[in-house]
Structures are given as structure tokens and as C-alpha cells.
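Numbering (this note's numbering), first residue to last: 84 to 252. C-beta atoms are modelled at their ideal positions from N, C-alpha and C, and glycine is treated no differently. Small disclaimer: the values here were computed from a predicted structure and weren't measured.
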Amino acid sequence: MPTESDITPYVPSQEAKNLHAKHVAQAWTDQQASTDAFDNNLLTFASAALGLSIAFIKDIVPLENAEWLKTLYFSWGAFAGCILVTIASFQIAAQAQIAHQKTLADYYLRGDNSAINRKNGWSKALPYCAGVGSLLLLLGIVSTLVFASKNVSHYKESKAWQMTAKQKK
């Protein structure tokens with residue numbers, strides 16, 4: 084039976100190290116692209132939803148006839164919050180990259196082994212930005228749907244809708 088001293092530890096070849104570095108670099112690039120796409124989609128959807136909800140009030144249910152306006156205003160606040168958090172996340176990401184570059188220099192150029200596990204506040208904040216932005220977008224969509232559902236059903240029952248329908252004929 085072999086003893087622990089008889090077992091040779093695995094030492095990766097230079098080719099394995101190069102392949103590892105190549106795949107880590109590709110994974111990093113893919114992760115950055117996914118994060119950027121996610122942030123851009125949040126920004127696009129929140130802006131579009133805000134625009135649609137404003138158009139809904141303007142063209143479908145006039146503000147003076149609308150019910151549950153606080154729900155609409157809440158949705159606008161949620162969409163605006165999503166937009167602001169997402170825009171802020173772009174600058175937070177830039178600061179996280181700057182801090183990460185310093186960490187890389189500490190580890191690779193100064194030999195500080197503790198730097199490899201060092202986290203900075205900027206990089207810790209990024210997942211929260213994505214989570215808060217997503218939550219605000221979801222809250223905005225749900226509250227807009229609740230508002231629209233309530234007002235379309237109410238507006239169809241009202242005389243105002245019947246008169247508008249007659250005018251369109």
C-alpha cells in the first residue's frame with residue numbers, strides 16, 4: 084500500500100497552464116459581456132415600460148378618469164429607480180475594474196499572496212445593483228399591469244368609454 088510520501092503531487096504542464104489562462108480569460112470576457120447585456124436590457128425595458136405607461140394614460144384612459152393613481156405613480160417611481168440604479172451600476176462597474184487592476188498589480192507584480200482573495204466595495208456592490216434594478220423593474224411592471232387592468236375594466240363600464248367608442252364610429 085503506497086504511503087502519502089510515495090504519491091507524486093500533480094504538477095500541471097505549461098500547456099495546461101496556458102489553456103487554463105486562456106479559458107479563464109474567455110470566461111471573464113463572457114461574464115463581462117453578459118453583465119453588460121443584462122444592464123442594457125434592464126435600462127431598455129424600464130425606459131420602454133415607463134414610456135408605455137405614460138402613453139396608456141395619454142391615449143387610453145385619461146388621467147382625470149383614472150383610478151388607483153398611486154399605483155401608477157408607484158410604477159413610474161419604480162421604473163425611474165431601475166433606470167437610475169442601472170446607470171449608477173455602470174460607474175460602479177468602472178470603479179470595480181480600477182480596484183481590480185490594483186489588486187492584480189499587488190498579486191502579480193508585488194508578490195502579495197493575500198491580494199488574490201481581496202474584495203473591494205465596488206465589486207461587492209455590483210450584484211446588489213443588478214438585484215435592486217431587477218426588483219424595481221418587476222415592481223414597476225406588476226404595478227403598471229394592476230393599474231391598467233383596473234382602469235381598462237372600469238373605463239369600459241363607464242359612459243366615457245361608450246361615448247368615445249361612438250365618436251370613433
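What does a CB cutoff of less than 8 Å around Val-235 pick up in its chain, not counting 5 residues either side in sequence? Ile-143, Val-144
For Leu-92, three-class secondary structure by DSSP: It is worth fixing the name first, because residue 92 is Pro in this sequence and not Leu. Looking at Pro-92 - three-state DSSP - the assignment turns out to be coil, as it is neither helix nor strand.
Using beta-carbon positions only, say whether Phe-128 and Leu-209 come within less than 8 Å of one another. Using a Cβ distance threshold of 8 Å, Phe-128 and Leu-209 do not count as a contacting pair.
Taking the alpha-carbon positions, what's the Asn-196 to Gln-174 distance? 28 Å
Just mark Ile-90 as buried or exposed, buried being the case when its beta carbon has 16 or more other beta carbons within 10 Å. exposed
Which same chain residues end up closer than 6 Å to Thr-186 when comparing Cβ atoms and leaving out the 5 residues on each side of it in sequence? Ala-198, Arg-201
Own chain, CB closer than 8 Å to Asp-189, minus 5 neighbours either side, in chain order: Asp-195, Ala-198, Arg-201
Which runs of the alpha helix (DSSP H) at least 4 residues long sit entirely within the segment 125–191? Give them in chain order. 152–187
Contact check, Val-229 vs Thr-154 under 8 Å by CB: the rounded distance? 6 Å
Own chain partners of Pro-95 with C-beta closer than 8 Å, once the 5 adjacent residues on each side are dropped: His-103
Helix, strand or coil: how does DSSP classify Asp-119 here? helix
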